[in-house]
Amino acid sequence: MLLMKTYSGLTSCLQALQACLSLLVCVMIWVQPAQAATSIHDIRLWTAPDHTRLVLDLSQAVEYNLFRLHNPERIVIDLKKTRMKTDVSKLNLPDPVLLSIRHGKQKGGVTRLVLDVKKGVSPRSFLLKKTKDNPHRLVIDLTPKNKKNIKPFKSNKQVKHGDIIIAVDAGHGGEDPGAIGPNKVYEKTVTLAIAKALAKLIDEQPGMKAVLVRTGDYFVKLRDRVKKVRAEGASMMISIHADAVTQRHVKGASVYTLSESGATPDRVAAALAAKENASDLVGGVMPKEEVSDPFIRNILGDMAKRDGLDSSEMFANLILKQLKHDFPIKYAKPKHARFAVLTALEIPSVLVEVDYISNPERERLLKRKSHQKGIAKAIFTSTKTYFTRLGMLDTSVPQIHTVHRGESLWGIAKKYGVSMSSILKLNNLKQQALRIGQRLRLPQS
Ligand SMILES: [Zn+2]
């Protein structure tokens with residue numbers, strides 16, 4: 047009996063094992079295709095003035111084919127063993143080059159994406175490997191053929207001969223959010239708002255004109271930022287950023303310039319520069335364009351460029367002095383490191399970390415329009431001081447203005463940067479109507 051029992055026990059044991067094994071095989075067969083398939087779990091669209099970027103988030107690296115079809119113009123992307131797990135209809139379409147997007151299943155587990163594009167649009171695509179904060183990504187850049195009409199910079203102001211051009215660079219953008227605050231405020235959003243406010247103040251100043259390196263939510267490569275600054279003939283470059291650290295209480299602004307070769311290394315500044323220079327990897331550049339150290343070494347040996355470094359230092363000090371009036375300062379002196387975005391050494395170039403977005407209280411302020419304008423105003427004032435000291439800008443207001451045909455009180459007040467009410471008060475006027483030839487005393491702005 048005992049033997050029988052053991053035997054039957056053994057049999058049931060074996061049976062159970064067999065059942066287990068067959069179940070495992072079944073599970074394996076059932077699971078295998080799912081494991082091998084890549085899923086597209088998000089899709090984003092960034093519209094830049096000169097191209098449109100489509101980014102697919104992937105669960106793993108993928109094999110794909112990209113080809114074009116004409117009449118109508120289409121770009122087709124076949125992704126092998128891939129499943130669409132996101133809703134493409136959430137994209138804000140049409141945009142200037144991409145009209146619509148659709149997808150379907152092909153045989154062999156291929157997901158086909160069809161992009162309906164405008165005529166003459168050329169595609170470029172590349173895969174980005176997974177990083178600490180980003181999944182595997184497939185990037186598709188769509189560039190219109192006729193780029194003649196595309197202006198890289200947006201400005202309402204006409205450049206007058208002799209205007210000082212100032213490049214304002216909003217850090218990060220598009221795929222690269224920059225630092226993210228505890229309440230999910232993005233550095234890229236704050237930097238763009240401050241950059242726009244600063245550009246507005248510059249444009250309002252007679253004799254000065256701003257150019258914005260980035261005008262919307264899209265990514266610009268660090269090297270291209272410098273190229274654009276040079277192409278516009280800018281006399282100064284101001285790059286706006288907001289920093290983040292793990293200690294939530296840290297706050298205050300700091301100003302950075304490029305380090306000279308042989309300067310004492312500053313670990314904090316070097317770490318920050320490494321973080322800012324990594325922007326290209328997050329924002330997405332073609333792997334072959336990646337440079338492990340985006341800094342151009344030899345540039346520092348050029349003595350002709352030295353003046354730019356000295357001017358940067360002088361300008362950085364002016365900004366800190368001005369910011370100090372209304373805002374907390376983290377480092378009282380300018381700091382130096384190898385920032386790729388500051389390599390236009392022939393002109394004063396500074397990078398301003400306006401505050402710490404990692405501090406919840408500062409994050410809340412950085413989101414506020416009045417606060418953004420305040421920071422912009424401080425940077426603008428130091429810019430004005432800088433060029434006035436060099437004798438390049440005349441900010442003195444003439445005492446008397448003679449009214450010419452077609453002029454209004456509003457126009458005159460705007461021209462001299464004073465208020466209409468202050469002109470009225472100073473001239474004991476009750477009404478805004480002016481007569482030709484009338485001499486108006488002007489308040490000092
Ligand atoms: Zn930054």
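Per my numbering, the sequence shown starts with residue 47, numbered consecutively. No residue lacks a Cβ here, since even glycine has one placed at the ideal position from N, Cα and C.
Who does residue i pair with in a DSSP beta bridge?
{"i": "M254", "result": "I210"}
{"i": "R485", "result": "T448"}
{"i": "G219", "result": "D222"}
{"i": "H116", "result": "DSSP, once it has assigned bridges, lists no residue as partnering H116."}
{"i": "G150", "result": "R158"}
{"i": "N111", "result": "D124"}
{"i": "H417", "result": "DSSP output for H417 lists no bridge partner at all."}
{"i": "Y302", "result": "K381, L397"}
{"i": "R501", "result": "No answer is possible for residue 501: the residues shown for the chain start at 47 and end at 491."}
{"i": "L145", "result": "L145 pairs with nothing; no bridge assigned."}
{"i": "I375", "result": "A299"}
Using the rule of at least 16 other Cβ atoms within 10 Å of the residue's Cβ for burial, across every protein chain shown, is residue i buried or exposed?
{"i": "F385", "result": "buried"}
{"i": "R260", "result": "buried"}
{"i": "V314", "result": "exposed"}
{"i": "A317", "result": "exposed"}
{"i": "I240", "result": "buried"}
{"i": "R481", "result": "exposed"}
{"i": "F113", "result": "exposed"}
{"i": "K255", "result": "buried"}
{"i": "T177", "result": "exposed"}
{"i": "N111", "result": "exposed"}
{"i": "H450", "result": "exposed"}
{"i": "E233", "result": "buried"}
{"i": "S54", "result": "In this predicted model, S54 has a pLDDT of only 48, less than 50, meaning its place in the structure is not dependable; the value taken from the coordinates is given anyway. Flag for S54 reads exposed."}
{"i": "L69", "result": "Because L69 sits at a pLDDT of 48, beneath the cut-off of 50, its placement in the model cannot be relied upon, and the point is left open."}
{"i": "Q477", "result": "exposed"}
{"i": "G227", "result": "buried"}
{"i": "D179", "result": "exposed"}
{"i": "Q293", "result": "exposed"}
{"i": "E409", "result": "buried"}
{"i": "Q445", "result": "exposed"}
{"i": "S285", "result": "buried"}
{"i": "E407", "result": "exposed"}
{"i": "R414", "result": "exposed"}
{"i": "H382", "result": "buried"}
{"i": "L115", "result": "exposed"}
{"i": "D372", "result": "exposed"}
How would you write the range of the alpha helix (DSSP H) that residue i sits in, first residue to last?
{"i": "G457", "result": "455-462"}
{"i": "A315", "result": "313-323"}
{"i": "I403", "result": "No alpha helix (DSSP H) contains I403, which DSSP labels as neither H nor E."}
{"i": "S467", "result": "466-472"}
{"i": "V275", "result": "268-277"}
So, under 8 Å CB-CB, residue i and residue j are touching, yes? Tell me the CB distance rounded to an integer number of Å.
{"i": "T441", "j": "L364", "result": "Not a contact, Cβ separation roughly 14 Å."}
{"i": "T98", "j": "L125", "result": "Going by Cβ atoms, the distance from T98 to L125 rounds to 19 Å, so no, they are not a contact pair."}
{"i": "S395", "j": "L304", "result": "7 Å"}
{"i": "G217", "j": "H287", "result": "4 Å"}
{"i": "D88", "j": "T128", "result": "Between T128 and D88 the Cβ distance is about 14 Å, and since that is not below 8 Å, they are no contact."}
{"i": "A362", "j": "M283", "result": "Actually they are not in contact, since the Cβ atoms of A362 and M283 sit about 12 Å apart, beyond 8 Å."}
If you follow the beta strand (DSSP E) that residue i is part of, which residue opens it and which one closes it?
{"i": "V185", "result": "182-190"}
{"i": "K381", "result": "381-383"}
{"i": "D103", "result": "98-104"}
{"i": "H87", "result": "84-93"}
{"i": "I284", "result": "282-289"}
{"i": "P169", "result": "167-174"}
{"i": "S135", "result": "Here S135 belongs to no beta strand (DSSP E), and DSSP marks it neither H nor E."}
- Message: Any residue with its C-beta under 6 Å from a non-hydrogen atom of ligand 1 counts. Can you list them all in chain order?
- Response: G217, H218, G224, E233, H287, E322
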